[in-house]
Amino acid sequence: MSLTAPALSATVSSPLDLIGKTPMVEVTKIDTGPCRLLLKLESQNPGGSIKDRIAISMLDAAEREGFLKEGGTIVEATAGNTGLALTLVGRARGYKVLLVIPDKMSKEKIQHLRAMGADVRLTRSDVPHGHPEYYTDMAERLAQGIPGGFYVNQFANAANAEAHVKTTGPEIWEQTGGDIDAFVAGIGSGGTITGTAQFLKSVGSKAQIILADPVGSTLAGIVNDGVPGPEGSYTVEGIGQNFVPDTADMSLIDKAYSIPDAEAIATARELLLKEGILAGSSSGTLIASALRWCREQTEPKTCVTFVCDTGAKYLSKVYNDAWLADQGLGERELHGDLSDLINRKYEKGDVVVAGPGDTLDTAFKRMKGADVSQLPIIEDGRLVGILDESDLIRIMNTDEITRKERFAKPVASAMTRDLDTLQVNEPLDALIPVFDRDRVAIVLDGERFVGLITRTDLINHLSLNR
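Counting in full-length UniProt numbering, the sequence shown runs from 1 upward without gaps.
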């Protein structure tokens with residue numbers, strides 16, 4: 001470990017002055033074959049992602065060319081990170097910001113954007129480019145109807161790639177001392193891989209340019225086979241497309257890897273576990289591709305890729321075991337019984353519960369905090385009842401005592417003791433009568449409580465196991 005103290009930068013007057021000049025770290029605890037794998041930590045930008053670079057570049061160009069004027073509104077279609085960057089820069093310069101985001105994006109990004117003052121409009125993530133509800137089409141249409149509206153259009157904005165020609169590429173070249181054999185990036189808007197590759201080639205670098213693409217995106221097929229690959233859905237955010245953005249120069253790319261969601265997410269989680277770096281889902285795709293390239297080599301080489309953004313934006317997804325199980329992406333043992341439908345098991349501490357002596361106020365706060373509509377009631381390790389929203393509503397309307405006194409009543413006074421229980425070894429069909437009675441299924445193994453099954457759990461199980 002180096003004991004050399006890092007050089008500290010001087011105080012700056014704005015977070016915008018901290019964009020770029022991000023650090024680079026070598027992967028040392030994950031198998032990289034004979035190669036060195038270097039990660040440029042774009043997550044260290046003030047907005048938390050590499051997109052801070054292009055926000056500055058694109059808004060500077062818009063102001064210079066007169067497209068964006070005082071009192072104007074910045075409009076963009078984004079998977080979240082470009083929106084965060086544009087909001088950071090745009091709000092600092094006094095503009096309003098309206099963002100159109102596909103509905104599969106993490107709630108952390110959406111909450112972050114709204115807290116920063118952006119007007120966020122969610123649209124469908126299951127429609128193709130050209131559909132009126134596709135996020136780029138919708139953003140362009142909205143911008144046209146707003147006086148002073150400027151549609152940034154990162155997918156066809158020359159200032160996007162130019163940001164990486166001027167900053168990202170030179171930084172990588174300087175940090176590696178020109179010793180780089182492969183550069184790995186994804187395509188969201190196409191600016192990162194295009195601009196960085198253009199710079200590397202301009203200084204005579206022979207580095208291979210590698211595309212990291214999610215399985216379900218069509219772009220890897222264009223690189224490897226000259227025709228679009230099979231189109232499908234994927235959970236990774238921010239990269240992959242079913243069209244080639246105008247900003248992307250595909251002729252610069254030498255090779256592409258198609259990375260399944262499960263591999264991308266496992267790689268991101270391994271990076272945190274072994275290297276201590278909290279990265280997002282697209283970073284998992286990039287690093288998985290870089291690792292494939294590194295392990296294919298037969299002699300020492302140097303590969304560079306990014307931690308595109310921080311994994312703090314994906315705690316509810318990539319780092320949430322229950323969410324991964326809901327998506328069929330988690331590693332889990334299947335038993336061939338009803339427990340396979342239960343992603344949140346009591347014995348593992350995944351189920352939020354209450355006791356019969358707890359107050360209704362306590363139980364209600366737990367329900368809200370966990371975003372559930374019912375709580376198992378446990379006493380001495382045994383299930384003794386269940387409390388749901390209808391039980392709470394009934395007791396709120398029973399007498400004339402104050403609201404405070406009602407919420408102070410014990411859970412035992414409101415919970416349902418007549419339980420619809422099933423044994424864990426019963427067939428799926430046993431769930432239907434329970435659901436027909438508008439109940440949640442309570443699953444036991446003998447007298448031991450296993451967990452709850454809702455209609456959504458059954459539908460999700462059938463969807464994943466067709």
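The beta carbon of each residue, even a glycine, is placed where N, CA and C say it ideally should be.
Item, Value
"Start and end residues, alpha helix (DSSP H) containing F449", "First-last for F449: 448-453, but that is the beta strand (DSSP E), not the alpha helix (DSSP H)."
"Cβ pair P410, I377 closer than 8 Å", "no"
"Collapsed DSSP secondary structure at K40 in the structure displayed", "strand"
"Boundaries of the beta strand (DSSP E) in which S390 is found, first to last residue", "Unbroken run through S390 is the alpha helix (DSSP H), 389-396; no beta strand (DSSP E)."
"Sheet register partners of residue 469 (DSSP bridge)", "No statement about residue 469 is possible, as the shown extent of the chain runs from 1 to 466 and does not include it."
"Closest residue to K313 among A10, L18, Q111, L39 (Cα-Cα distance)", "Q111"
"Spatial neighbours of T218 in its chain, beta-carbon cut-off 6 Å, leaving aside the 5 residues before and after", "P228, G229, E231, N242"
"Reference I210, options R292, G130, T82, closest by Cα", "R292"
"Helix, strand or coil at F150 [DSSP, three-state]", "strand"
"G130, DSSP secondary structure in three states", "coil"
"6 Å Cβ shell around R439 - same chain, five flanking residues per side excluded", "D420"
"Backbone secondary structure at D361 - three-state DSSP", "helix"
"A212 at chain D interface by Cβ criterion, 8 Å", "Of the chains in the structure shown, none is chain D; there is only one protein chain."
"CA-to-CA distance, A288 to L462, given in whole angstroms", "30 Å"
"Pair within 8 Å by beta-carbon distance, L286 and A185", "yes"
"CA nearest to the CA of P260, picked from T310, T302, L329, T196", "L329"
"Alpha helix (DSSP H) runs wholly inside the region 12-90, at least 4 long, in chain order", "51-64"
"6 Å Cβ shell around A118 - same chain, five flanking residues per side excluded", "T87, V97, L99"
"Cβ neighbour criterion (16 or more within 10 Å) applied to A92", "exposed"
"Continuous alpha helix (DSSP H) stretch holding residue 475: start and end", "Limits of the chain in this structure are 1 at one end and 466 at the other, which puts residue 475 out of reach."
"Where K96 falls: helix, strand or coil (DSSP)", "strand"
"Assigned secondary structure, T310 (DSSP; H/G/I helix, E/B strand, else coil)", "strand"
"Selected residue, minimal CA-CA separation from L315, among V304, R269, L392, L431", "R269"
"Rounded straight-line distance, which links the Cα of W323 to that of I442", "20 Å"
"Contacting residues, own chain, Cβ-Cβ under 6 Å from K109 (five flanking each side not counted)", "G80, K313"
"6 Å Cβ shell around T136 - same chain, five flanking residues per side excluded", "A77"
"Coarse secondary structure for T247, derived from DSSP in three states", "coil"
"Three CB pairs or more closer than 8 Å across the region 30-45 and the region 8-22", "yes"
"Three-state secondary structure (DSSP) of R439", "coil"
"8 Å contact criterion, which G83 and D309 should meet: CB distance rounded", "Rounded, the Cβ-Cβ distance is 12 Å, inconsistent with contact."
"First through last residue of the alpha helix (DSSP H) which encompasses L113", "107-115"
"Reduced DSSP category for L419 - H, G, I as helix; E, B as strand; rest coil", "coil"
"Q198 - DSSP class collapsed to helix/strand/coil", "helix"
"Contact between the region 140-159 and the region 169-184 (3+ Cβ pairs under 8 Å)", "no"
"Closest by C-alpha distance to D95, when choosing among M116, D103, F155", "Rather than Asp, the amino acid found at residue 95 in this sequence is Tyr. Of the listed residues, the one whose Cα sits closest to Y95 is M116."
"Exposed unless 16 or more other CB atoms sit within 10 angstroms - verdict on T247", "buried"
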